[in-house]
Amino acid sequence: MYLNAFWVGGLICLLGQVVLDNTKLSPGHILSGMTVAGGILGGLGIYDMLVAFAGAGATLPISSFGNALAKGALQEAHTRGLVGVLTGMFELTSAGITAAIVFAFLTALVFNPKS
């Protein structure tokens, strides 16, 4: 399991690095693209198979966030319909989003910007 996590996570990171090195895309574009790719793979049910195979190697990269958004939207769409698509995305990811906002705020309080 550890070996699978290591090489799958490394392969996902390698893919992002190859795109960054060989295109004129910014890191933000690549980050967004990996999130969208994870959402598409999650919506098709492929990302869950990758998580079952690689464990943390597939759940730590940013593509896992896209998978969580898609999974939450699909689950709530089945129970609440169209409104569930909009609300379901945030039920599974709200803790991560909240942590990112809080830690960004605390970091901004502690450190001074360069310019």
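Numbering of the sequence shown is given in my numbering, commencing with residue 1239 and proceeding in unit increments. Each residue gets a CB set at the ideal place from its N, CA and C atoms; glycine is no exception. Everything numeric in this text was worked out from a predicted model, so none of it was measured.
task = Alpha carbon to alpha carbon, how far is Gly-1281 from Gly-1322? Give it in angstroms, no decimals.
result = Stepping through the sequence shown from its first residue, residue 1322 is reached at position 84. Stepping through the sequence shown from its first residue, residue 1281 is reached at position 43. Computed Cα separation, rounded: 15 Å.
ask   = Are the beta-carbon atoms of Gly-1254 and Ile-1268 separated by less than 9 Å?
value = The sequence position of residue 1254 within the sequence shown is 16, counting from 1. The sequence position of residue 1268 within the sequence shown is 30, counting from 1. With contacts defined as CB atoms closer than 9 Å, Gly-1254 and Ile-1268 qualify as a contacting pair.
ask   = When burial is assigned at 16 or more other CB atoms within 10 Å of the CB, is Ser-1302 buried or exposed?
value = Within the sequence shown, numbered from 1, the residue matching residue 1302 stands at position 64. The residue is buried, with at least 16 neighbouring Cβ atoms inside 10 Å.
query = To which residues of the same chain is Ile-1300 closer than 8 Å at the C-beta, ignoring the five residues directly before and after it?
reply = The residue labelled residue 1300 in the question sits at position 62 within the sequence shown. Closer than 8 Å at the Cβ level, and outside the excluded window around Ile-1300, lie Leu-1269, Met-1272, Thr-1273, Gly-1276.
query = Do Ala-1315 and Ala-1243 have their C-beta atoms within less than 9 Å of each other?
reply = For this step, residue 1315 is matched to residue 77 along the sequence shown. For this step, residue 1243 is matched to residue 5 along the sequence shown. The answer is no: Cβ separation not under 9 Å.
query = Where are the alpha helix (DSSP H) runs, 4 residues long or more, that stay fully inside the region 1261 to 1329, in chain order?
reply = 1265 to 1281, 1284 to 1292, 1294 to 1297, 1301 to 1318
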